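Numbering (full-length UniProt numbering), first residue to last: 1 to 226.
Scroll down for the structure; my scribbles are underneath it.
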Ligand SMILES: C[S@@+](CC[C@H](N)C(=O)[O-])C[C@H]1O[C@@H](n2cnc3c(N)ncnc32)[C@H](O)[C@@H]1O
């Protein structure tokens with residue numbers, strides 16, 4: 001299945017909003033850290049429902065928002081959730097960003113970067129479009145140290161890249177970005193049931209669930225264009 005087929009299915013069955021709800025728990029903390037100045041242009045890679053760009057318009061007065069997604073249905077849904085003319089949703093692929101050199105102030109991506117067919121090519125594209133001093137805030141829940149995420153690959157036909165923290169930093173540097181920060185953001189909002197309720201449908205033990213959400217959380221790597 002292609003990115004388009006897989007995620008068009010997700011969008012038409014309402015999973016775009018389901019992801020938004022779950023990802024918001026940690027995404028909002030990462031978004032709050034992006035040094036967006038009023039009027040800045042922001043690109044959201046793999047935007048899904050497009051919530052992140054809309055939040056940056058509301059909270060930081062971002063100027064122009066582009067949400068790019070490989071699924072036309074995701075982009076279509078996202079466009080339907082706003083009438084803000086400064087926000088646009090485009091269909092495109094991470095391998096070739098439809099923007100000129102030095103045109104974007106900040107790039108954001110939540111739970112999407114590892115679907116890139118060639119993540120190093122995508123980083124090179126991000127480095128190309130970012131203005132000097134611009135940032136890339138890359139947030140992922142699928143990464144090597146998060147052992148509970150490893151099984152996700154079995155559930156999806158698109159090949160996913162599972163880097164560890166160091167591989168993210170190395171790849172960012174190879175693309176020409178400085179690494180300004182790397183951190184994990186715990187999800188403190190997901191409900192963790194009492195011990196007596198385990199095993200649940202998804203978790204064998206409470207300890208595993210606590211580790212996944214409270215200890216591992218979302219890996220954030222921040223790159224800065226020189
Ligand atoms: C798991 S969803 C995350 C959506 C959103 N960022 C969120 O936090 O809810 C991943 C999104 O990335 C998009 N995507 C995956 N691979 C892509 C690619 N190579 N080019 C463009 N979009 C891609 C998918 O269509 C999907 O909407």
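We treat Cβ as the ideally placed atom computed from N, Cα and C, and that holds for glycine.
Just so you know, these numbers come straight off a predicted model, no measurement behind them.
query = Under a Cβ-count criterion, where at least 16 other Cβ atoms within 10 Å of its own Cβ denotes burial, should residue 200 be classed as buried or exposed?
reply = Residue 200 is exposed by the Cβ-count criterion.
request  = With a floor of 4 residues, list each alpha helix (DSSP H) that falls wholly inside the segment 85 to 139, ordered by position along the chain.
outcome  = Entirely contained in the segment 85 to 139, the alpha helix (DSSP H) runs reaching 4 residues are, in chain order, 119 to 129.
request  = Would you grab the beta carbon distance between residue 210 and residue 192 for me? Rounded to a whole angstrom, and I think it's under 8 Å.
outcome  = The beta carbons of residue 210 and residue 192 sit about 6 Å from each other, so the pair counts as a contact at 8 Å.
query = Given residue 127, which residues of its chain have a CB within under 7 Å of its CB, disregarding the five upstream and five downstream residues?
reply = For residue 127, the CB contacts under 7 Å within the same chain, skipping 5 residues up- and downstream, are 175, 176, 177, 225 in chain order.
inquiry  = Rounding to the nearest angstrom, what Cα-Cα distance links residue 116 and residue 150 in this structure?
reply    = Each residue's Cα considered, the two are about 17 Å apart.
key: Environment of residue 125 [buried if 16+ CB atoms lie within 10 Å]   = Residue 125 comes out buried.
key: Distance CB(residue 45)-CB(residue 112) smaller than 7 Å   = In this structure, the beta-carbon distance from residue 45 to residue 112 falls below 7 Å.
query = Is residue 195 near residue 206, with beta carbons less than 7 Å apart?
reply = Pairing residue 195 with residue 206 gives a Cβ-Cβ distance under 7 Å.
query = For ligand 1, is there a heavy atom less than 6 Å away from the beta-carbon of residue 18?
reply = The answer is no for residue 18.
inquiry  = Please state whether the Cβ-Cβ distance between residue 182 and residue 165 is less than 7 Å.
reply    = Taking 7 Å as the Cβ cut-off, residue 182 and residue 165 qualify as a contacting pair.
message = Considering just the uninterrupted stretch of the alpha helix (DSSP H) at residue 189, what are its terminal residues?
response = In the DSSP annotation of this structure, residue 189 is not part of any alpha helix (DSSP H), being labelled neither H nor E.
request  = Drop a sphere of 10 angstroms on the beta-carbon of residue 212, count the other beta-carbons inside from all chains shown, and report buried for 16 or more, exposed for fewer.
outcome  = The residue is buried, with at least 16 neighbouring Cβ atoms inside 10 Å.
request  = Check whether the segment 24 to 41 touches the segment 86 to 98, counting contact only when three or more Cβ pairs, one atom from each stretch, lie closer than 8 Å.
outcome  = No, the segment 24 to 41 is not in contact with the segment 86 to 98.
Beta strand (DSSP E) runs contained entirely in the segment 35 to 68, provided each spans 3 or more residues = For the segment 35 to 68, whole beta strand (DSSP E) runs of length 3 or above, ordered along the chain, are 41 to 45.
query = Since residue 109 and residue 1 are thought to touch, with beta carbons under 8 Å apart, how far apart are those beta carbons, to the nearest angstrom?
reply = That belief does not hold up - the Cβ atoms of residue 109 and residue 1 are roughly 21 Å apart, past 8 Å.
query = Just to confirm, does residue 23 get its C-beta within under 6 Å of one of the non-hydrogen atoms of ligand 1?
reply = For ligand 1, at least one heavy atom lies less than 6 Å from the Cβ of residue 23.
task = Within the same chain, show all residues whose beta-carbon is closer than 8 Å to that of residue 148, passing over the 5 residues directly before and after it, in chain order.
result = So the qualifying residues of the chain are 208, 211, 212, 216.
task = Measure the C-alpha to C-alpha separation of residue 143 and residue 218 and round it to an integer number of angstroms.
result = Between residue 143 and residue 218, the C-alpha separation is close to 9 Å.
ask   = Would you call residue 59 buried or exposed, if buried means 16 or more other Cβ atoms sit within 10 Å of its Cβ?
value = So residue 59 counts as exposed.
message = Less than 7 Å between the C-beta atoms of residue 171 and residue 222, yes or no?
response = No, these two residues do not count as a Cβ contact at 7 Å.
message = ligand 1 and residue 70: does any heavy atom of the ligand fall closer than 6 Å to the residue's C-beta?
response = Answer for residue 70: yes, Cβ within range of ligand 1.
inquiry  = Given 6 Å as the limit, tell me if residue 3 has its C-beta closer than that to any heavy atom belonging to ligand 1.
reply    = Residue 3: yes, Cβ under 6 Å from ligand 1.
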